[in-house]
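**Q** Residue numbers (this note's numbering), protein chains in the order written: chain A, 11 to 237; chain B, 11 to 237. Every residue gets a Cβ at the ideal spot worked out from N, C-alpha and C, and that includes glycine. Computed from a prediction, not measured in an experiment: that's the story for all the values here.
There are 2 protein chains.
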Amino acid sequence: MPDNDGMTAARPTTPTTPSTPATPSTPADRPPLGLRERKKIKTREAIRAATYALVEEQGYDATTIEQIADRAEVSPSTVFRYFPTKEDIVLTDEYDPILLEELRARPADEPWPDSIRHVMREAVRTGIEEDLAVAKLRTHLMVQVPAVRSRMMESMSVTGRMLCTAIGERTGRDPNSLEVRVYAMSLIGGLMETSLYWAENDHQDDFANLVDRTLTTIQHGLPKETS
Amino acid sequence: MPDNDGMTAARPTTPTTPSTPATPSTPADRPPLGLRERKKIKTREAIRAATYALVEEQGYDATTIEQIADRAEVSPSTVFRYFPTKEDIVLTDEYDPILLEELRARPADEPWPDSIRHVMREAVRTGIEEDLAVAKLRTHLMVQVPAVRSRMMESMSVTGRMLCTAIGERTGRDPNSLEVRVYAMSLIGGLMETSLYWAENDHQDDFANLVDRTLTTIQHGLPKETS
DNA sequence: CATGAAATGAGAGTAGCTGTCAAAATCTAG
DNA sequence: CTAGATTTTGACAGCTACTCTCATTTCATG
Chain A
11 MPDNDGMTAA RPTTPTTPST PATPSTPADR PPLGLRERKK IKTREAIRAA
61 TYALVEEQGY DATTIEQIAD RAEVSPSTVF RYFPTKEDIV LTDEYDPILL
111 EELRARPADE PWPDSIRHVM REAVRTGIEE DLAVAKLRTH LMVQVPAVRS
161 RMMESMSVTG RMLCTAIGER TGRDPNSLEV RVYAMSLIGG LMETSLYWAE
211 NDHQDDFANL VDRTLTTIQH GLPKETS
Chain B
11 MPDNDGMTAA RPTTPTTPST PATPSTPADR PPLGLRERKK IKTREAIRAA
61 TYALVEEQGY DATTIEQIAD RAEVSPSTVF RYFPTKEDIV LTDEYDPILL
111 EELRARPADE PWPDSIRHVM REAVRTGIEE DLAVAKLRTH LMVQVPAVRS
161 RMMESMSVTG RMLCTAIGER TGRDPNSLEV RVYAMSLIGG LMETSLYWAE
211 NDHQDDFANL VDRTLTTIQH GLPKETS
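(1) Quick one: which residues of the region 183-198 of chain B get their C-beta closer than 8 angstroms to a C-beta of chain A? List them in chain order.
(2) Let me know the secondary structure DSSP gives B/Gly178 once reduced to three states.
(3) Just the chain A side, please: which residues come within less than 7 angstroms of B/Glu203 by C-beta, in chain order?
(4) I'd like the ranges of any alpha helix (DSSP H) spanning at least 4 consecutive residues and lying wholly in the region 198-230 of chain B.
(5) Residues of the region 126-156 of chain B with a CB closer than 9 angstroms to any CB of chain A: list them in chain order, please.
(6) Between which two residues does the alpha helix (DSSP H) holding B/Asp98 run?
(7) Would you say A/Arg253 faces chain B, with C-beta separation under 9 angstroms as the test?
(8) Thinking C-beta only, is B/Leu101 closer than 9 angstroms to B/Arg161?
(9) Give a yes or no on whether the minimum CB-CB distance between A/Ile99 and chain B is below 9 angstroms.
(10) Count the other CB atoms, across all protein chains shown, that sit within 10 Å of the CB of A/His230; report buried if there are 16 or more and exposed otherwise.
(11) Name the chain B residues that come within less than 9 angstroms of A/Ile228, Cβ to Cβ?
(12) Specify whether the region 81-90 of chain B and the region 49-60 of chain B touch according to this definition: at least 3 beta carbon pairs, one from each stretch, less than 8 angstroms apart.
(13) Quick check on the DSSP output: the alpha helix (DSSP H) that includes A/Asp184 runs from which residue to which?
(14) At which residues does the alpha helix (DSSP H) containing B/Asp106 begin and terminate?
(15) Pick out whichever of A/Gly69, A/Arg91, A/Ala63, A/Arg114 has its Cα sitting closest to the Cα of A/Glu10.
(16) Compute the Euclidean distance between the alpha carbons of A/Val65 and A/Tyr105, then round it to the nearest angstrom.
(17) In the DSSP assignment, find the alpha helix (DSSP H) that holds B/Val89 and state where it starts and stops.
(18) What in chain B is Cβ-close to A/Gly178, meaning under 9 angstroms?
(19) Does the structure place the region 180-192 of chain A close enough to the region 217-226 of chain B that three or more beta carbon pairs sit under 8 angstroms?
(20) Just checking: is the beta-carbon of A/Thr102 within a distance shorter than 9 angstroms of some beta-carbon in chain B?
(21) Taking 9 angstroms as the cut-off, decide whether the C-beta atoms of A/Ile126 and A/Leu197 are in contact.
(22) In whole angstroms, give me the CA-to-CA distance for B/Trp208 and B/Leu232.
(23) Could you list which residues in chain A have their beta carbon closer than 8 angstroms to that of B/Glu164, in chain order?
(24) For A/Ala143, which of A/Lys49, A/Tyr62, A/Arg48, A/Thr88 has the nearest alpha-carbon?
(25) I'd like to know if the region 150-158 of chain A and the region 128-135 of chain A are in contact, where contact means that at least 3 CB-CB pairs between them fall below 8 angstroms.
(26) Use the C-beta contact count for A/Gly182: other C-beta atoms within 10 angstroms, 16 or more gives buried, fewer gives exposed.
(27) In terms of residues, what are the limits of the alpha helix (DSSP H) holding A/Gly44?
(28) If the cut-off is 7 angstroms on Cβ atoms, which residues from the region 206-223 of chain B count as contacting chain A, listed in chain order?
(29) Is A/Val153 closer than 9 angstroms to A/Glu210 when the C-beta atoms are compared?
(30) Would you mind reading off the limits of the alpha helix (DSSP H) that contains B/Gln69?
(31) Could you have a look at B/Pro233 and say whether DSSP puts it in helix, strand or coil?
(32) So, is the C-beta of B/Thr181 closer than 9 angstroms to a C-beta in chain A?
(33) Compute the Euclidean distance between the alpha carbons of B/Val89 and B/Gln68, then round it to the nearest angstrom.
(34) Using a C-beta to C-beta distance shorter than 9 angstroms, which residues of chain A count as neighbours of B/Gly44?
(35) How far does the alpha helix (DSSP H) with B/Thr74 in it reach, from first residue to last?
(36) Among A/Met202, A/Glu203, A/Met195, A/Thr95, which residue has its Cα nearest to the Cα of B/Gly200?
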């Protein structure tokens, strides 16, 4: 089988900066952060901001890398140096580490489904509240642009793998067993659909509530009848 | 919101030929099929065959559309006329209609989880037995090539929508309700992972058996402790 | 300030994919 | 069987995401 080419970038999950809170406001309160690092962060955010703006103005496909580079005042090469693909510019999930951390913090004697419920709700809440507008735009793009949706699914499968190891740690089960992997991916699949549902209904519902209903459904199967 | 561009092809699920069994063996047993139609089918299959062969020789990414066109003895334009994307050449699922039909054929009084189990197993069996080698190559590519995996996930989300309507018909529930959609997608997600698991373990397990375990896991949650 | 390392920009090149247009093949009438 | 309408095809041009290389600039450090 002569294959194993074609890997498209492995995504380091926490790309470059280890501990950087979302506030680049005061640029002089973190001594151990060189000028270079700060510039890199600023560039990264400039690219993302430019992308968000352009996408909202023109739509996703109509926005080219060149335009993004122009508005962010960098060269196109630099854009690709910061993000492996165009889709990654609008996605870039920082949820995985949150989720893992949250899951490890749960009391060891808590029933497993309860842990999942807590953790999912918490991760989702933090992720959403951080920037509601961005979350809405992201989910909106997931619905509208197939490429973005695909990329999101890819990323969720990564999250799935992480969930597997977490479940393994938590329950002492083999993280690579079929059962664990299937369980994790069915959760992920369900939550994915929840995001789509939220966006398709123009973000009218309370997302945390939707997540709750999702977990109940997965846990107990389809309820008797609720239309 | 100026978006709604960027749709990448909607896939008609049953592309061009309405009733063509998988046997192109005797090319003279179907009178109401014009020469034109027959040639189209032959071209389609030539492209797919060429792609399978080249991918097995060189790997997916190393295989260009031009090479495929050359070996299939058509022009590159023609390749794109038959398949919207390169990934679609190796995927092209005919599973959806089978699944839907199978689901409608179940007795109306059968408990819902049993129906799912039957149908999934049947659909999987038919799909696999039709050409085991192709099924193996596909799942192998799913593991190796991110682009193919993404495309497969896309297609599974289509299958998910169809599952929703089937569930709606079957249970009288709203096919667009969060609960139904989540239930469907968790099933799909689980089965997706099952395919990956199968391929990652070099197709050693019996796939039908894996599917069985998968459905049990989704239905009852993680079992106490196995493995 | 000088030296080394890292980030950047410029440019060329690949390949997937879209569109157009004229030529070739197929179907349909007379 | 021929003529015309229709469909399929191939050649070509063009766009853009993405990769790679190399010279230049920018920062870090002694």
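**A** So, from the data block:
(1) Per Cβ criterion, the list reads Arg183, Asp184, Ser187, Leu188, Glu189, Val190, Arg191, Val192, Tyr193, Ala194, Met195, Ser196, Leu197, Ile198.
(2) Helix, per DSSP.
(3) What B/Glu203 touches in chain A: Arg191, Val192, Met195.
(4) With a minimum length of 4 residues, the continuous alpha helix (DSSP H) runs that stay inside the region 198-230 of chain B are 217-230.
(5) Taking 9 angstroms as the Cβ-Cβ cut-off, the region 126-156 of chain B approaches chain A at His150, Leu151, Gln154, Val155, Pro156, given in chain order.
(6) Going by DSSP, B/Asp98 is part of the alpha helix (DSSP H) stretching over 96-100.
(7) Here chain A has residues from 11 to 237 only, and residue 253 of chain A is not among them.
(8) Yes, these two residues count as a Cβ contact at 9 angstroms.
(9) Not one beta carbon of chain B lies nearer than 9 angstroms to the beta carbon of A/Ile99.
(10) For A/His230, the number of other beta carbons within 10 angstroms of its own is below 16, and it is reported as exposed.
(11) What A/Ile228 touches in chain B: Val192, Tyr193, Ser196, Ile228, Gly231.
(12) Yes, they touch.
(13) No alpha helix (DSSP H) holds A/Asp184; DSSP gives it neither H nor E.
(14) Per DSSP, the unbroken alpha helix (DSSP H) holding B/Asp106 starts and ends at 105-115.
(15) One cannot answer for residue 10 of chain A here, as it falls past the ends of chain A, which runs 11 to 237.
(16) Taken atom to atom, the span from the alpha-carbon of A/Val65 to that of A/Tyr105 is near 23 angstroms.
(17) Element bounds for B/Val89: 86-92.
(18) Residues of chain B passing the Cβ test: none, with the nearest at roughly 11 angstroms.
(19) Here the region 217-226 of chain B makes contact with the region 180-192 of chain A; the two share three or more CB pairs at distances below 8 angstroms.
(20) Answer no: the Cβ-Cβ gap between A/Thr102 and chain B never drops below 9 angstroms.
(21) Yes, the pair counts as a contact, with Cβ atoms nearer than the cut-off.
(22) Each residue's Cα considered, the two are about 19 angstroms apart.
(23) Residues of chain A passing the Cβ test: Pro156, Arg159, Ser160, Met163.
(24) A/Ala143 has its Cα closest to that of A/Tyr62, out of A/Lys49, A/Tyr62, A/Arg48, A/Thr88.
(25) Taking a cut-off of 8 angstroms for Cβ pairs, the region 150-158 of chain A and the region 128-135 of chain A do not touch, as fewer than three such pairs fall below it.
(26) Burial call: exposed.
(27) For A/Gly44, there is no enclosing alpha helix (DSSP H), as DSSP marks it with neither H nor E.
(28) Flagged, chain order: Tyr207, Leu220, Arg223.
(29) In this structure, A/Glu210 lies near A/Val153, with their beta-carbon atoms less than 9 angstroms apart.
(30) At residue 69 of chain B the sequence reads Gly, which differs from the Gln that was named. Premise fails: B/Gly69 is in no alpha helix (DSSP H) and is neither H nor E.
(31) Of the three classes helix, strand and coil, the one that applies to B/Pro233 here is coil, per DSSP.
(32) So yes, B/Thr181 belongs to the interface.
(33) If I take the Cα positions, the gap works out to 19 angstroms.
(34) Residues of chain A passing the Cβ test: none, with the nearest at roughly 34 angstroms.
(35) Element bounds for B/Thr74: n/a, residue is neither H nor E.
(36) Of A/Met202, A/Glu203, A/Met195, A/Thr95, the smallest CA-CA separation from B/Gly200 is found for A/Met195.
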